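Heads up: the sequence shown begins at 1 in UniProt numbering, then just goes up one per residue.
For glycine and all other residues, C-beta sits at the position ideal for the given N, C-alpha and C.
Since we're looking at a predicted model, the values are computed, not measured.
Before any comments, here is the structure.
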Amino acid sequence: VEILRKQAVTKLRQDNEIEVRKMSCARGDGACYQYPAVDKVLIDYSPKANPDN
Numbered sequence: 001v002e003i004l005r006k007q008a009v010t011k012l013r014q015d016n017e018i019e020v021r022k023m024s025c026a027r028g029d030g031a032c033y034q035y036p037a038v039d040k041v042l043i044d045y046s047p048k049a050n051p052d053n
């Protein structure tokens, strides 16, 4: 019975997450309008001779 309850809770959470994503995309905010950022290991924090380098 406990396993079935956990499966039902998981299914409910997944359905809720899908609904939230649909609503956020319809409103124009949320994950569908966000772009992945540059990986932090690619950012060069070393001192530069010129500000534009």
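{"query": "Roughly how many angstroms separate the alpha carbons of Val1 and Gln14, rounded to a whole number?", "result": "20 Å"}
{"query": "Here's a check: name, in chain order, each residue in its chain whose Cβ is nearer than 7 Å to the Cβ of Thr50, leaving out the five neighbours to either side.", "result": "Thr is not the amino acid found at residue 50; the sequence shown has Asn there. Correct list: empty, nothing qualifies."}
{"query": "Starting from Ser24, trace the alpha helix (DSSP H) in both directions and tell me its first and last residue.", "result": "2-27"}
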